[in-house]
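Asks: Protein chains in written order, with my numbering: chain A, 1 to 526; chain B, 527 to 1052. C-beta atoms are modelled at their ideal positions from N, C-alpha and C, and glycine is treated no differently. On a predicted model such as this, the values are computed, not experimentally measured, just so you know. Mind looking over this structure? Questions follow.
Okay, structure coming up:
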């Protein structure tokens, strides 16, 4: 078989089931090989940022890495923003990027670009395969790097002549560990850290358990809640978790606020900040005369579980060590807000989603300012998973929803989506239509980059004049998202009242396949 | 004044008139400063690839660099593909990229990414400004790098605390040379090269003048045509020129074909390949058993004018040296194709554009396969400029048209746009609507990545099965570009016959402002 066939068969043998693609000429042999390897499902995206974001969403929900197929340096460039988000989410992913033939690179053809250099900014592993004989090993190495904790983005760059060269006889069944099963050995101090955390909690000295990553499963939250209840500790989670399990029957946890003023209040009084799969929280941006770190300066920061460890298991070990397995965790009561009526506001949209969110739903939340009410309104909805914008590179919500729906065909995926952010990867809708994905997108059309209207003040800039303000306004012309959506093959409707929104959400949740509901809101922050 | 104000005033003092923006929190002080510097026009884009492509289009038409304002590493990433195209077009451009505050970078906040590393892949100049006192000098250095031949992309990375820090008293009027006026001194061998080319032409030994860059002005083409006519030389130009002046009254020149089979025929028999602002032509991609270089192996390659020189002037010097200023150049006769009728094909679309193209039009050509007839059909249209996809990173046509229209408000801009490529930067339409730009976009909807259907065969891959073929097809669902266009605020219509297309083109050319005409074509290559 040729190199392309060998690579695809290797991925399939490793258990990779989906490849999000946006190929070009240098990847044609991969495309040609798809029919021979039906175990690998190819999902076409119209833009690389959709492919990389979808691979992120797929892995967050399935726990397994997807592959992407990208076209040379520019294709990688188009995918960088969502690869950055995936990196920050510690998402396992394998990028397969086509490159010019080994002998052709020296001619500096028009599409030449330093692929490895650019990929390095978002990848934990980058390798350019230089020999056919090493292509299978390189692919296995990329896979192993992707799934070794802390998981991340692995990139393999494949010159076209390797894809078309014949000479690989067979792929031996690849023996590999499962995703997340491997980690760098840290046993040396794991026990010490466990005992230090135990002592801190027993000391009762204003401890805050700060959770992230794999601590945010139901089991992890139950263990954390037992610890919090037994020792009067506080629980908080990172501002932008990759996946947060929440809803009725699951211990509730507040996310650290995006706004530093609130985040510092949440952490105020903490004497010991116990990190569990999360990093010491820092400000998203710097602001004049505001601190970069959020924890009180006198708080001791203790790592209980690093990003390269199984936080859920370590929390359970701590429960056992402290003998608090009999303590009841706090479980979220089932509770739904009333259905909204009248003119739409951010609160009304949040209430509608909270009132109707289906059991087992997956929420892709890129709601930015308008969505600030959404977590509270959905807190007591049936159990669901909540995916957030981990790296701050906007344009993630729609691709993430797309990949999550591929990973979990039985779940309703709800994408709460800000208007400005939607514009970076709006092409996601076409893939949702093509694959008949069960995604309901709620566009929050407030006709502005409302967060920037707020940030313009927060960074201490002069009051913006009309030219400055116009840079933050998404009108004129007002975007008609329903029309755009229909253009991509997804039924799109526009709603302006709570009653209309409720009716359209009920319709979308009852009917399989993608839907887009554009909620027209007051301009700016509401 | 603060750093942001100083930087913007410096750009304005250097003659930079337009900034294409997609700002975020770290760029808010730049936004706040816009009202105080009305000389710098800010044009908002919904996606960074639109901003960078528009800056490219602006500079190709105006001859002056525009600035871009991009948000951190992910914003740069989204702009990379069109920066790559600008790099290959040798377009002067200054990227201003916000970065976290100097003291905040150490905390590895969520949006951290190696901006300089990524920018280096597409920039001839990258500098992170580390001190307020150096910000103005850094800005001037970036400008000078951008406009020094060979022109290119200069990137200045500005930490947020520099933008908000006060302490710059005044910007002294910056003394600088005009764009393109400076070049690395090469006088040492310029005369030698001139005389060698003269000798080659006089020798009459199957010379081909291979033109690119600044040789493709009317004056450059007139000089080349005199040389060709005097000495029986052949004229060809690079496959994907940044700007080609053409049409009635201008010497016609064939572009080197994209397909190697044809390119090698065009260059066949050449004994001396004289490069004038162009590089030795190579294959866009490698193909099994096909050569990477296109010129005959026994042809001598001679550089008459390098990319860092004024090719137009050097051609005129050669005319003078050879005393052929009295030789008549071949000028294109005025000639229009007949108006098409009946079912639409690629030829019919090309004929309609050729029949109706207004005098002084600017054509942004990202027509890929369907547009193969467009150059011939427009060859005898009134004088116009033709912009092409210089770097092969698709998604350039619509932003380029946007920027060209900003640069030349009096010209009709016609964007001949393939459907698949349109999907990378479709958000351009919104900026066209917002700025009321005189752009007519003709979408060639053949429901496929038709070039890849061809390339799949050309790279010698196995005949694609249904899964492979589906990766190259843009249906189902069929994209409704007219609906998408209306969603972005640009009137959009769909046409299916020559008569309808003609009527809509006549309407669009008669009415100011943006229009989109979606031409429905047979599926695939037609």
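Return the residue from the list A:292, A:226 and A:274 that minimises the CA-CA distance to residue 628 of chain B.
Replies: Counted from its first residue, the second chain places residue 628 of chain B at position 102. Comparing Cα positions, the closest option is A:292.
Asks: At which residues does the alpha helix (DSSP H) containing residue 527 of chain B begin and terminate?
Replies: To locate residue 527 of chain B, count along the second chain from 1; it is residue 1. No alpha helix (DSSP H) holds residue 527 of chain B; DSSP gives it neither H nor E.
Asks: Looking only at its chain, what residues have a beta carbon closer than 6 Å to the beta carbon of residue 511 of chain A, apart from the 5 residues adjacent to it on each side?
Replies: Residue 511 of chain A sits at position 511 when you count from the first residue of the first chain. For residue 511 of chain A, where only same-chain residues beyond five positions count, there are no Cβ hits under 6 Å.
Asks: Using CA atoms only, rank isn't needed, just tell me which of B:678, B:1049, B:656 and B:1040 is closest to residue 691 of chain B.
Replies: Taking the second chain and counting its residues from 1, the one referred to as residue 691 of chain B is at position 165. Out of B:678, B:1049, B:656 and B:1040, B:656 has the C-alpha closest to the C-alpha of residue 691 of chain B.
Asks: Note down, in chain order, all residues in the region 424-441 of chain A with a beta-carbon under 7 Å from any beta-carbon belonging to chain B.
Replies: 424, 427, 430, 433 and 434
Asks: Measuring alpha carbon to alpha carbon, tell me which residue in A:359, A:328, A:321 and A:381 is nearest residue 350 of chain A.
Replies: Counting from one through the first chain, the residue named residue 350 of chain A turns up at place 350. Checked all of A:359, A:328, A:321 and A:381; the closest Cα to residue 350 of chain A is A:381.
Asks: Which residues bound the beta strand (DSSP E) around residue 365 of chain A?
Replies: Locating residue 365 of chain A in the first chain gives position 365, counting from the first residue. Element bounds for residue 365 of chain A: 362-366.
Asks: Could you list which residues in chain B have their beta carbon closer than 7 Å to that of residue 46 of chain A, in chain order?
Replies: For the purposes of this step, residue 46 of chain A is taken as residue 46 along the first chain, with counting starting at 1. Those are 949, listed as they occur along chain B.
Asks: Report the three-state DSSP secondary structure of residue 528 of chain A (helix, strand or coil).
Replies: Outside the shown range of chain A, which is 1 to 526, sits residue 528 of chain A, and nothing can be said about it.
Asks: Find the residues of chain B that neighbour residue 164 of chain A, judging by a C-beta separation of less than 8 Å, and give them in chain order.
Replies: Against the first chain, residue 164 of chain A aligns to sequence position 164. Simply 814, 985, 986 and 987.
Asks: From A:25, A:6 and A:479, pick the residue whose C-alpha is nearest to that of residue 137 of chain A; which is it?
Replies: Mapped onto the first chain, residue 137 of chain A falls at position 137. Checked all of A:25, A:6 and A:479; the closest Cα to residue 137 of chain A is A:6.
Asks: Give a yes or no on whether the C-beta atoms belonging to residue 440 of chain A and residue 509 of chain A are separated by under 8 Å.
Replies: Here residue 440 of chain A refers to the residue found at position 440 of the first chain. Here residue 509 of chain A refers to the residue found at position 509 of the first chain. Yes, the pair counts as a contact, with Cβ atoms nearer than the cut-off.
Asks: Tell me, please, whether the CB atom of residue 26 of chain A is closer than 8 Å to any CB atom in chain D?
Replies: No chain D appears in this structure, whose protein chains are A and B.
Asks: Got a sec: which bits of the region 586-614 of chain B sit with their beta carbon under 7 Å from any beta carbon on chain A, in order along the chain?
Replies: 599, 600, 603, 604, 606, 607, 610 and 614
Asks: For residue 614 of chain B, which three-state DSSP category applies?
Replies: By one-based count along the second chain, residue 614 of chain B stands at place 88. Here residue 614 of chain B sits in helix by DSSP.
Asks: If you measure between the beta carbons of residue 400 of chain A and residue 367 of chain A, is that distance less than 8 Å?
Replies: Within the first chain, residue 400 of chain A is the residue found at index 400, counting from 1. Within the first chain, residue 367 of chain A is the residue found at index 367, counting from 1. Result no, Cβ atoms of residue 400 of chain A and residue 367 of chain A do not sit closer than 8 Å.
Asks: Answer yes or no: does any C-beta atom of chain A fall closer than 8 Å to that of residue 693 of chain B?
Replies: Along the second chain, read from residue 1 onward, the residue named residue 693 of chain B stands at position 167. Taking Cβ atoms only, chain A never reaches closer than 8 Å to residue 693 of chain B, which makes this a no.
Asks: Restricting to Cα atoms, I'd like to know which of A:99, A:191 and A:125 is closest to residue 161 of chain A.
Replies: Here residue 161 of chain A corresponds to residue number 161 of the first chain, with the count starting at 1. Residue 161 of chain A has its Cα closest to that of A:99, out of A:99, A:191 and A:125.
Asks: Thinking C-beta only, is residue 900 of chain B closer than 8 Å to residue 920 of chain B?
Replies: Counted from its first residue, the second chain places residue 920 of chain B at position 394. Counted from its first residue, the second chain places residue 900 of chain B at position 374. No. Outside cutoff.
Asks: Verify the CB distance criterion: does residue 369 of chain A have a CB-CB separation below 8 Å to chain B?
Replies: Along the first chain, one-based indexing puts residue 369 of chain A at 369. For residue 369 of chain A, the answer is no, since every Cβ of chain B falls outside 8 Å of its Cβ.
Asks: Would you tell me roughly how many angstroms separate the C-alpha atoms of residue 12 of chain A and residue 143 of chain A, rounded to the nearest one?
Replies: Counting from 1 along the first chain, the entry for residue 12 of chain A is found at position 12. Counting from 1 along the first chain, the entry for residue 143 of chain A is found at position 143. Taking the straight line joining both Cα atoms gives about 11 Å.
Asks: Can you give me the start and stop residues for the beta strand (DSSP E) that residue 20 of chain A sits inside?
Replies: Within the first chain, numbered from 1, the residue matching residue 20 of chain A stands at position 20. 18-22 is the span of the beta strand (DSSP E), which, as asked, contains residue 20 of chain A.
Asks: For residue 59 of chain A and residue 88 of chain A, what's the separation of their Cα atoms in angstroms?
Replies: For the purposes of this step, residue 59 of chain A is identified with residue 59 of the first chain, where counting begins at 1. For the purposes of this step, residue 88 of chain A is identified with residue 88 of the first chain, where counting begins at 1. Cα to Cα, residue 59 of chain A sits roughly 13 Å from residue 88 of chain A.
Asks: Using beta carbons (cut-off 8 Å, strictly below), is residue 919 of chain B in contact with chain A?
Replies: On the second chain, residue 919 of chain B is found 393 positions in, with the first residue counted as 1. Yes, because at least one Cβ of chain A sits closer than 8 Å to the Cβ of residue 919 of chain B.
Asks: When you compare the CB positions of residue 498 of chain A and residue 287 of chain A, do they come within less than 8 Å of one another, or not?
Replies: For the purposes of this step, residue 498 of chain A is taken as residue 498 along the first chain, with counting starting at 1. For the purposes of this step, residue 287 of chain A is taken as residue 287 along the first chain, with counting starting at 1. For residue 498 of chain A and residue 287 of chain A, no; Cβs fall outside 8 Å.
Asks: List, in chain order, every chain B residue whose beta-carbon is nearer than 9 Å to that of residue 202 of chain A.
Replies: Along the first chain, read from residue 1 onward, the residue named residue 202 of chain A stands at position 202. Those do not exist, as residue 202 of chain A stays about 31 Å from chain B at its closest Cβ, beyond 9 Å.
Asks: Going along chain B in order, which residues have a C-beta closer than 8 Å to the C-beta of residue 283 of chain A?
Replies: Position 283 of the first chain, counted from the start, is the residue given in the question as residue 283 of chain A. 630, 633 and 635, listed in chain order.
Asks: Would you check if the region 570-583 of chain B and the region 986-996 of chain B touch, i.e. whether three or more CB-CB distances between them fall below 8 Å?
Replies: These segments do not touch.
Asks: Determine the burial state of residue 983 of chain B: buried for a count of at least 16 other Cβ atoms within 10 Å of its Cβ, exposed for fewer.
Replies: For the purposes of this step, residue 983 of chain B is identified with residue 457 of the second chain, where counting begins at 1. Residue 983 of chain B is exposed by the Cβ-count criterion.
Asks: Inspect the beta-carbon positions of residue 993 of chain B and residue 69 of chain A and report whether they are closer than 8 Å.
Replies: Against the second chain, residue 993 of chain B aligns to sequence position 467. Against the first chain, residue 69 of chain A aligns to sequence position 69. No, they are not a contact pair.
Asks: Does any residue of chain A bring its CB to less than 8 Å from the CB of residue 981 of chain B?
Replies: Here residue 981 of chain B corresponds to residue number 455 of the second chain, with the count starting at 1. Judged by the 8 Å Cβ criterion, residue 981 of chain B is in contact with chain A.
Asks: Round the Cβ separation of residue 370 of chain A and residue 446 of chain A to the nearest angstrom and send it over; I've been treating them as touching at under 8 Å.
Replies: Looking up residue 370 of chain A in the first chain gives position 370. Looking up residue 446 of chain A in the first chain gives position 446. 6 Å between Cβ atoms; contact.
Asks: Alpha carbon to alpha carbon, how far is residue 1047 of chain B from residue 568 of chain B? Give it in angstroms, no decimals.
Replies: Reading the second chain from its first residue, position 42 is the one you call residue 568 of chain B. Reading the second chain from its first residue, position 521 is the one you call residue 1047 of chain B. C-alpha separation (whole angstroms): 37 Å.
Asks: Looking at C-alpha atoms only, which residue of A:55, A:330, A:423 and A:489 is the closest neighbour of residue 248 of chain A?
Replies: Working through the first chain from its first residue, we reach residue 248 of chain A at position 248. A check of alpha carbon separations from residue 248 of chain A across A:55, A:330, A:423 and A:489 identifies A:330 as the nearest.
Asks: Please name the residue in A:22, A:29 and A:14 whose C-alpha comes closest to that of residue 4 of chain A.
Replies: Counted from its first residue, the first chain places residue 4 of chain A at position 4. The shortest Cα separation from residue 4 of chain A among A:22, A:29 and A:14 belongs to A:29.
Asks: Does at least one heavy atom of the ligand MG sit under 7 Å from the Cβ of residue 33 of chain A?
Replies: The model depicted lacks the ligand MG and carries no ligand whatsoever.
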